[in-house]
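A.B. asks:
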Amino acid sequence: MNKFISLEERNRIAEALRQNEGPLLAPSIDEAVDGKVPFSAMEKGLTIRFPFVDGMQVGGRYHVSLRVPGTEVVFGQGGVIEEEGRDVTVEVPSERALLFQGYDAVLSYSYSEFEDPMSPTTPLAFEGLLYLPLVEEAVDGVIPLSVQSRGVNLRLRVTPSFTSGALVSVYWWGSSAGACFVKHLTIGAGPVEDLLVPVEPAYLTPIKYGNVRIIYTVQSTTGTVISRPLKLEVAGDLAVPEPLFWMLGSYPNLLPPDGSDIISGRITTQGMSAGDVVILMLSVAGEGFVRRFPIREPDIGAGEILYEVKTPYLPWGTKVAIWSIVDRFAGAATGSPDLELVVFPES
0 MNKFISLEER NRIAEALRQN EGPLLAPSID EAVDGKVPFS AMEKGLTIRF
50 PFVDGMQVGG RYHVSLRVPG TEVVFGQGGV IEEEGRDVTV EVPSERALLF
100 QGYDAVLSYS YSEFEDPMSP TTPLAFEGLL YLPLVEEAVD GVIPLSVQSR
150 GVNLRLRVTP SFTSGALVSV YWWGSSAGAC FVKHLTIGAG PVEDLLVPVE
200 PAYLTPIKYG NVRIIYTVQS TTGTVISRPL KLEVAGDLAV PEPLFWMLGS
250 YPNLLPPDGS DIISGRITTQ GMSAGDVVIL MLSVAGEGFV RRFPIREPDI
300 GAGEILYEVK TPYLPWGTKV AIWSIVDRFA GAATGSPDLE LVVFPES
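Per numbering that gives the first Met the number 0, the very first residue in the sequence shown carries number 0; after that it's consecutive.
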């Protein structure tokens, strides 16, 4: 006979059931050594393994996931437990394993029959013919404004391709013609270490709000290998003035409430000082709008200024551009990035 129970009773029963569920243990890759996966192993394929624990049953469903955070490089496979008391293994074909070369990845699995179905994660470093170039000072894919005046270090991590006498060519492309360089290095005899390439401020400050792309090649008697490209944004002094109702997609969409003829938003006060004046500008269907906001100490403390701009009726498909300039008390002016949007209904 069924009966309704209280939350307290439910939790007591669930806790009793969980006592039969051993904690999930971290997965591993058989070919990994001290958390590193050799390139030679990737060429042959890999074996993912996780232990059978108390509470697992034949027929229980699992799903393993090997992924590189922040990218689309992922391997996932589900299945059911086929034998009691034995480790569960999943084979990764070589063509899939090689996609991970040169990356740091995370391995985990889920077991759907447990109330807490997620396993601990296992970090893994995959060896590659070449690793992705690394800008040491970059944070979450952005070169901060604070380091641009002194320059940054581009690190090329040592791999088996760094053999004595090999020729390394570094290609740094900035989104301004004057912010590009090509540099060539040779690998000397003796122990091989990471290569450090100093990048002067001249290759950063002209491309505030822009981006850089970096590729390097290594040429030796065995041939030439090419790194994956690295793309980084370069921070600027100001943030783009954002509307409150918008959505980033294949093309950014402005989503004003139905029937509204007001564009409301915020201007972040980063890079501004009390006494400055920020000038907000909009282009709406070709018509210009200008609003001036003196910057006060409370605005700096709040970190933002809220704005509202009354515009003509905004039919679907109306093009809107938003940008700002800071007229500094010290006498200079600085511009923000611009944001171009199209009016689109919310539903």
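Beta carbons are placed, not taken as given, at the ideal position from N, Cα and C, and that holds for glycine.
For PHE125, is the classification buried or exposed, using 16 other Cβ atoms within 10 angstroms of its Cβ as the cut-off for buried?
C.D. replies: Label assigned to PHE125: buried.
A.B. asks: Check whether the Cβ atoms of VAL198 and TRP171 sit closer than 8 Å, and answer yes or no.
C.D. replies: Contact flag set, yes.
A.B. asks: CB-CB under 8 Å to LEU97, same chain, minus the five flanking residues each way: which ones, in chain order?
C.D. replies: For LEU97, where only same-chain residues beyond five positions count, the Cβ hits under 8 Å are MET41, GLU42.
A.B. asks: Candidates PRO143, ILE206, HIS183: which alpha carbon is nearest SER174's?
C.D. replies: Here the closest residue by C-alpha is ILE206.
A.B. asks: Report the start-end ranges of each beta strand (DSSP E) in the region 199-230 that is 3 residues or longer and not cut off at the edges.
C.D. replies: Runs of the beta strand (DSSP E) inside the region 199-230: 210-219, 222-225.
A.B. asks: The alpha helix (DSSP H) with GLY300 in it runs from where to where?
C.D. replies: Note, GLY300: alpha helix (DSSP H), 296-301.
A.B. asks: What residue range is occupied by the uninterrupted beta strand (DSSP E) comprising SER282?
C.D. replies: Where SER282 is concerned, the enclosing beta strand (DSSP E) stretches over 276-283.
A.B. asks: Which value, in whole angstroms, describes the spacing of the CA atoms of GLY140 and PHE3?
C.D. replies: Between GLY140 and PHE3, the C-alpha separation is close to 52 Å.
A.B. asks: Just how far apart, CA to CA, sit PHE359 and GLN269?
C.D. replies: Nothing can be reported for residue 359, as the shown portion of the chain is limited to 0 through 346.
A.B. asks: Check the C-beta distance from ARG60 over to GLU112 and give it rounded, since I have them as a contact under 8 Å.
C.D. replies: With 8 Å as the limit, ARG60 and GLU112 qualify as a contact, their Cβ atoms being about 7 Å apart.
A.B. asks: In terms of residue numbering, what span does the alpha helix (DSSP H) encompassing ALA40 cover?
C.D. replies: Start and end: 38-41.
A.B. asks: Does DSSP put ARG149 in a helix, a strand or coil?
C.D. replies: Coil.
A.B. asks: Can you name, in chain order, every residue of its own chain whose Cβ lies under 7 Å from the Cβ of PRO104, other than the five neighbours on each side?
C.D. replies: Reading off the sequence shown, one finds Ala at residue 104, where the question assumed Pro. The residues are LEU65, ARG66, VAL67, LEU123, PHE125.
A.B. asks: Do you know how far the Cα of TYR202 is from the Cα of PRO26?
C.D. replies: Spanning the two alpha carbons is a distance of roughly 43 Å.
A.B. asks: Give the DSSP-derived three-state secondary structure of GLU339 in the structure shown.
C.D. replies: DSSP places GLU339 in strand when its eight states are reduced to three.
A.B. asks: Taking Cβ positions, are ALA238 and THR204 nearer each other than 8 Å?
C.D. replies: Not closer than 8 Å, so no.
A.B. asks: Can you give the beta carbon distance from ARG154 to GLU135, rounded, assuming they're within the 8 Å contact cut?
C.D. replies: With a Cβ gap of about 6 Å, ARG154 and GLU135 count as contacting.
A.B. asks: To the nearest angstrom, how far is it from the Cα of GLY302 to the Cα of ASP275?
C.D. replies: So the alpha carbons of these two residues sit roughly 14 Å apart.
A.B. asks: Less than 8 Å between the CB atoms is what I'm expecting for GLY54 and GLY101, so what's the real figure, rounded?
C.D. replies: Not really, about 38 Å apart at Cβ, beyond 8 Å.
A.B. asks: Only counting the same chain, and skipping five residues up and downstream in sequence, which positions put a Cβ closer than 6 Å to that of VAL63?
C.D. replies: Taken in chain order, the residues that qualify are ILE47, GLN76, VAL89, TYR108.
A.B. asks: Distance check for ILE304 and ARG291, CA to CA, integer angstroms please.
C.D. replies: Rounded to whole angstroms, ARG291 to ILE304 spans 11 Å at the Cα level.
A.B. asks: Quick check: what's the CA-CA separation for GLU232 versus GLU81?
C.D. replies: Going by the C-alpha atoms only, they are around 48 Å apart.
A.B. asks: Give every residue of the same chain whose Cβ lies closer than 7 Å to the Cβ of PHE180, excluding the five residues on either side of it in the sequence, and list them in chain order.
C.D. replies: So the qualifying residues of the chain are TRP171, TYR202.
A.B. asks: If you follow the beta strand (DSSP E) that GLU90 is part of, which residue opens it and which one closes it?
C.D. replies: Residues 87-91.
A.B. asks: Let me know the beta strand (DSSP E) ranges lying completely inside the region 129-173, each 3 residues or longer, listed in chain order.
C.D. replies: The region 129-173 contains these whole beta strand (DSSP E) runs: 151-155, 166-173.
A.B. asks: Beta-carbon within less than 6 Å of PRO116's beta-carbon, same chain only, minus the 5 sequence neighbours each way: which residues are those?
C.D. replies: Result list for PRO116: SER109, TYR110, in chain order.
A.B. asks: DSSP puts GLY34 in a beta bridge; with which residues?
C.D. replies: GLY34 pairs with nothing; no bridge assigned.
A.B. asks: At the level of alpha carbons, what is the spacing between PHE288 and ARG212?
C.D. replies: Roughly 35 Å separates the two Cα atoms.
A.B. asks: Does the distance from the C-beta atom of ILE321 to that of ALA332 stay below 8 Å?
C.D. replies: Not a contact, by the Cβ cut-off of 8 Å.
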